[in-house]
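If you read the sequence shown in this note's numbering, its first letter stands for residue -19, the second for the next number, and so on.
For every residue, glycine included, the Cβ atom is placed at its ideal position computed from N, Cα and C.
Computed from a prediction, not measured in an experiment: that's the story for all the values here.
Notes follow the structure.
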Amino acid sequence: MMTVLKRLLFIALAAAMLLPALACGSDSGSSGETTAAAETTEAVTEPPYEFLKNPEDFGGREFKVLNGAYTKGDYIDLDDSVKRGDVIVEAIYDRNLKTEELLNIKIATVNVNSDSTVMRKLNEAALAGSGDFDAGLPCLEHAAKWMTKQFLVDFREVESIDIENPWWGRTTVETFDFDSGKVYMIDGEINFWDDLSTICLYFNKDLLTNVGFELPYDKVRDGSWTYDAFREIEKDGYLDLNGNGEADKDDRYGYITNGSNAFNMVTGMGSLTTRKNSDGDIEFILDDDYFAKFDLVIDVLSNSKSTVIMERKFGYDLGNKIFDFGNTYFMYNLIGSCLDYRSLEFDIGVLPFPKYNEEQDRYYGLVNSGYATVYVLPLGCDAEFSGAALEAMGYFASLGLTEAVIDNSVLIKGVRDEDSFEMFKIVFASKVHDLVYTLNWGGYYGRTLNMVISGKNTLASTYESIKQAADRSIAKYIDAIRTGDAG
């Protein structure tokens, strides 16, 4: 156990690192277009937060988290199976060590293989009042779907944690608040798959350069990375490389994607499927702008000879390998998949999804809610203890975990790719949740997949056929959140 003097010195040193580190935050709500910061700050001489000034000593108590995300590498504790040396692992180790020393606790996890198991076990623990788990780390999709069952703690009622602190993300809190004033799940600097689950574009840097295109980085920076700019590169991408007169796996393509392309692309163009109506209620609304953007994606992009829809042409197994062959300009995936491409023989780059036009306020990247992770607290736990542990973990993670995650993805032969580092920050800042997608209201998302795969745009009739059912599901869900009645 640390002496009081050592703990205070440790706290002061850690606090002095806070301000510059938070400049690398994962969810600041920025537009995604970069600006230079030329500010300097004086050294912090004392801890800026009360929980650092007067940390509670929990006497070696165990902080036990039920974790469904460890298979993704979103580690909480680090047992002997986790190899040291990786920059992410080292950042997690540092986060945990500082938290354990500050609060005199031991961070531990119970790992399970599915997110639904996390929520089911937390529900069982809450109903039994067992206090078996101090927190859970499921994916956002499952947390959101279980949220109305009323077994989770409202973080706003926990005095030991302040979700307004800069290391907590804003996007998830604001999306799932529904004007209830309640927060049942949080993310931020403490975890990283909330960021890595953002969908982005990948491109073959070598191929674009060899064909004669300027790499799109400057367009992203100045806000001119739009659908038209993307199409200008993509539209003439097809080339029959083997001369056999057939479009096959050995040819060149502009873009390879799958059935989710329309939903992802329209989201990138700034259109979500829900908004508040004139009465202030959230409603499933597809306006004229949404229809215009959807038409572009289905009628033009998805039916372009230069675009490959995997389900139509190659299937998933072969389709997912086409980009790896080195003859395709663009593909999409989670930004967390970047490491999978670092072993390729050509250089890749990452980009946010293009805007609709230059007037669009910022870049938007849909979060894959089946991969994004969130922290939740079950009823029956000691919420003040859990809040104190998470607050400290979030703070200490803000000193370097996000930076480590990006570095781990953009290092090429030990050298940082500065363009990709900057694009990672922009993609992280672009993330957005779509409620109809996450909660599958009206089955709308699945229907858009079928439209892309078939190439038939039935958006108008689809919207008309499911709108009422979707709105009923939305109203029931939100009422359960606002009133506290199980849905």
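By the criterion of at least three beta-carbon pairs nearer than 8 Å, the stretch 275 to 294 is not in contact with the stretch 156 to 172.
The C-beta of Gly109 has fewer than 16 other C-beta atoms within 10 Å across all chains shown, which makes the residue exposed. Setting aside the 5 residues that flank it on each side, Val163 is surrounded in the same chain by Asp134, Phe135, Arg136, Ile143, Val153, Asp157, each with a C-beta closer than 7 Å to its C-beta; the list follows chain order. Between Val354 and Met165, the C-beta spacing is below 8 Å. If one requires a minimum length of 4 residues, the alpha helix (DSSP H) runs lying completely within the stretch 207 to 266 are 207 to 214, 241 to 248, in chain order. Look at Val347 here: in three-state DSSP terms it is strand. CA-CA distance, Phe401 to Lys199, rounds to 16 Å.
Between the alpha carbons of Asn190 and Asp341 lies a gap of roughly 33 Å. The residues Thr253, Thr254, Val416, Trp421, Gly422, Lys447, Ala450, Asp451, Ile454, in chain order, have a CB closer than 7 Å to that of Phe264 in the same chain once the five nearest residues on each side in sequence are set aside.
In this structure, Asp95 lies away from Ala105, with their beta-carbon atoms at least 8 Å apart. With a beta-carbon spacing of about 4 Å, Gly345 and Ser410 fall inside the 8 Å limit used to define contacts.
Of Leu188, Val246, Gly299, the smallest CA-CA separation from Asp268 is found for Val246. Residue pairing by DSSP places Tyr182 opposite Met311, Val330 in a beta bridge.
If you ignore the 5 residues before and after Arg41, its C-beta comes within less than 6 Å of the C-beta of Ile85, all in its own chain and listed in chain order.
In terms of CA proximity to Asp231, Leu219 leads the group Glu364, Asp362, Leu219.
Straight across, the Cα-Cα distance linking Asp202 with Tyr343 is about 12 Å. Inclusion of Glu291 and Asn238 in the CB contact set at 8 Å is warranted, their separation being smaller than that value. A Cβ-Cβ distance of about 7 Å is found for the pair Cys180 and Tyr312, placing them in contact under the 8 Å criterion. For Leu281, there is no enclosing beta strand (DSSP E), since its DSSP letter is neither H nor E. The alpha helix (DSSP H) runs of length 4 or more contained entirely in the stretch 349 to 428 are, from start to end of the chain, 363 to 377, 381 to 390, 398 to 410, 415 to 419. Residues of the same chain with a CB within less than 6 Å of the CB of Leu82, apart from the 5 flanking positions on each side, are Pro35, Ala372 in chain order. Here Gly426 is exposed, its C-beta having fewer than 16 other C-beta atoms within 10 Å. The beta carbons of Ser140 and Gly367 sit closer together than 8 Å. Shown here, Gly168 sits in a strand according to DSSP, grouped into three states. Residue environment: Asn47 is assigned as buried (16 or more neighbouring CB atoms within 10 Å of its CB, all protein chains considered). Residue pairing of Val45 in beta bridges, as defined by DSSP: Thr89, Ala115. For the options Asn241, Asn300, Asn307, Phe310, the alpha carbon positioned closest to that of Leu276 is the one of Asn241.
Closest by C-alpha distance to Ile213, out of Leu439, Leu314, Phe294, Pro196, is Pro196.
Ala384 is positioned such that its CB atom lies no closer than 8 Å to that of Thr79. Assigned with DSSP and collapsed to three states, Val138 falls in coil, not helix or strand. In the structure shown, Leu132 adopts extended strand secondary structure according to DSSP, grouped into three states. Per DSSP, the unbroken alpha helix (DSSP H) holding Thr151 starts and ends at 151 to 155. Short of 6 Å from the beta carbon of Met99, and not among the five residues preceding or following it, lie these beta carbons of its own chain, in chain order: Pro118, His122, Trp126. In this model, Ile458 and Leu107 are separated by some 23 Å (Cα to Cα). Of the residues assessed, Lys273 falls on the buried side of the cut-off, its CB having 16 or more other CB atoms within 10 angstroms.
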